[in-house]
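Residue numbers (the UniProt record's numbering): 1 to 523. For each residue, glycine too, the CB sits at the ideal point set by N, CA and C. No experiment lies behind these values; they were computed from the predicted model shown.
Here's what the structure looks like:
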């Protein structure tokens, strides 16, 4: 039977399509749940390795600007859950081997949705950053033009001294904001208009999941000579027109608006943009178009090549990843008028050895490990990931199995203990998967009972009452000679859970058997 459909709109400029309204509605309605329930992918940029890479670039810039005395502000666009900020600040502290000071750096979480903004100051993993004066948050729309009010301090984001620096982070942001489409060939430049259709019986404009129900069609081409009031955008289009090649490409107008706005506020402004997209003209071939992807929200490849043209026309410094990537490019654009050799070296080395896109591929391969993988191989992967919690979650059972087998080299125990400390800091409360319980369990297996106790206590605060967490906490308290506290917890648990098979559940390891023996004598 022939499919019937209805038009929502016909032959409109892509940036003016309703899809962007539906995109905003989705994020406004879903808020943090979009990431907690994994409707929107974020791991590619919100992982410990990606945070480490960007922290190294930021630190390199600070070394290049060591003679400047201005304040460093980091503005994260579309900060989402806030997880990346948490990971990046911890990475900076590890690279500096000290705590950050609010007098030298300020991290600003920004978003356009109140549902995300309202979560930041009350999020349990972000509270310490706010309390230390290192973090603030603000409503910011990429179209710009309005003052950016910092909600905690009450200040306005602006350049106060000539040496002030603004570092802008855009992870998985520019792929989900308005773009326009164009074609070129030997005959010249044409704008590609779109139509949207659906086959629903009734269409609800306010449904946050409308993007799942519609289709976008490229339906018309119109001759286009200087289509924008903004002359700098027309200059970018002119470069493509002079190519005289068969190309289909986007112009990321929302991204360019944002970069224009923020760079006009700060004379020293650097953009770190990590996103999927196209880096060269050859990737814009008309015969191989890259379309948008829908996964709760809409994601369209970012034309990094066009951003590069725009930035060069402004005499900016640029470091671009020009390789064809499956997942992510990380590019740097800055209007800073000074030589930045340390930043350049850092960026070059990063892409020579293991860029973020390489890491995403590598991490996917780790899922194929069998049960016989050696502990030293698991530790090597964890170190490569910069002790990423998701990677730890993948390997936890395998690590437990290796420890149960015994004969663990002391050097591996040392590495694991050091890594658990980093993991505990990297942990970000966002799901029902209680990694703190896993970390506490490993601390207990390694005989580090004070850390195990502290971690189990944090787990109970964040995730609520849990029989197994409380039981393990009690055993660790008893082993660390806090017998009265441990036996009190055991007594309360036995009253509350009389059917729980208390002692068989512990396991047969000698270390835990000694704890069990103490518990039996004391209860």
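Residue nearest to residue i in terms of C-alpha spacing, selected from the options
i: residue 464; options: 423, 102, 434; result: 434
i: residue 541; options: 36, 452, 445, 274; result: The question about residue 541 has no answer, for the chain in this structure spans 1 to 523.
i: residue 337; options: 192, 263, 169; result: 263
i: residue 23; options: 300, 346, 310; result: 300
i: residue 59; options: 272, 285, 365; result: 272
i: residue 151; options: 168, 108, 57; result: 108
i: residue 99; options: 128, 18, 367, 246; result: 128
i: residue 363; options: 206, 297, 392; result: 392
i: residue 21; options: 147, 8, 242; result: 8
i: residue 495; options: 471, 478, 367; result: 471
i: residue 479; options: 453, 323, 18; result: 453
i: residue 167; options: 500, 30, 140, 76; result: 76
i: residue 135; options: 180, 79, 114, 412; result: 79
i: residue 335; options: 62, 252, 311, 347; result: 311
i: residue 428; options: 399, 223, 113, 458; result: 458
i: residue 346; options: 6, 49, 34, 53; result: 53
i: residue 193; options: 204, 303, 221, 173; result: 221
i: residue 63; options: 92, 88, 140; result: 92
i: residue 74; options: 174, 102, 19, 96; result: 102
i: residue 195; options: 172, 15, 313; result: 15
i: residue 165; options: 105, 57, 86; result: 105
i: residue 124; options: 285, 451, 173, 430; result: 430
i: residue 208; options: 226, 400, 19, 473; result: 19
i: residue 398; options: 10, 372, 49, 422; result: 372
i: residue 368; options: 12, 390, 348, 394; result: 394
For residue i, the three-state DSSP class (helix, strand or coil)
i: residue 5; result: coil
i: residue 443; result: helix
i: residue 370; result: coil
i: residue 566; result: One cannot answer for residue 566 here, as it falls past the ends of the chain, which runs 1 to 523.
i: residue 500; result: coil
i: residue 11; result: strand
i: residue 505; result: Residue placement at residue 505 is flagged as unreliable, the pLDDT there being 49, under the threshold of 50; the coordinate-derived value follows with that caveat. In the structure shown, residue 505 sits in coil (DSSP, three-state: anything other than H, G, I, E or B).
i: residue 276; result: coil
i: residue 180; result: strand
i: residue 483; result: helix
i: residue 489; result: helix
i: residue 218; result: strand
i: residue 110; result: strand
i: residue 426; result: helix
i: residue 328; result: coil
i: residue 536; result: Outside the displayed span of the chain (1 to 523) sits residue 536, for which this structure offers no information.
i: residue 105; result: strand
i: residue 285; result: strand
i: residue 523; result: In this prediction, residue 523 scores a pLDDT of 34, lower than 50, which makes its location untrustworthy; the coordinate-derived value is nonetheless stated afterwards. The answer is coil: DSSP assigns residue 523 none of H, G, I, E or B.
CB-CB length for residue i against residue j, believed under 8 Å
i: residue 84; j: residue 51; result: 6 Å
i: residue 306; j: residue 249; result: 7 Å
i: residue 341; j: residue 254; result: With a Cβ gap of about 33 Å, residue 341 and residue 254 do not count as contacting.
i: residue 267; j: residue 162; result: 7 Å
i: residue 241; j: residue 188; result: 6 Å
i: residue 224; j: residue 191; result: 4 Å
i: residue 303; j: residue 251; result: 7 Å
i: residue 388; j: residue 448; result: Between residue 448 and residue 388 the Cβ distance is about 21 Å, and since that is not below 8 Å, they are no contact.
i: residue 121; j: residue 130; result: 6 Å
i: residue 497; j: residue 475; result: Not confirmed; about 15 Å, so no contact.
Below-8 Å beta-carbon distance, residue i vs any chain C residue
i: residue 388; result: Of the protein chains in the structure, only one exists, and it is not chain C.
Cβ contact (3+ pairs, closer than 8 Å) linking the segment 352-359 and the segment 308-328: yes
Whole runs of the alpha helix (DSSP H) within the segment 15-93, excluding any shorter than 4 residues: 19-30, 33-36, 48-64
Inter-stretch contact at 8 Å, needing at least 3 Cβ pairs: the segment 275-284 / the segment 149-161: no
The segment 224-239 in contact with the segment 184-192 per 3-pair CB rule at 8 Å: yes
Inside the segment 297-326 only - alpha helix (DSSP H) runs reaching at least 4 residues: 304-313
Complete alpha helix (DSSP H) runs within the segment 115-172 (minimum length 4 residues, chain order): 127-131
Validate contact between the segment 37-45 and the segment 345-352 using beta carbons, cut 8 Å, 3 pairs: no
Three CB pairs or more closer than 8 Å across the segment 375-388 and the segment 67-76: no
Stretch pair the segment 184-203 + the segment 214-222: three plus CB contacts closer than 8 Å: yes
Touching by the beta-carbon criterion (3+ pairs, under 8 Å), the segment 241-248 and the segment 24-32: no
Contiguous alpha helix (DSSP H) assignments of at least 4 residues, all confined to the segment 182-270: 231-243, 253-265
Continuous alpha helix (DSSP H) assignments of at least 4 residues falling wholly in the segment 377-418: 389-405
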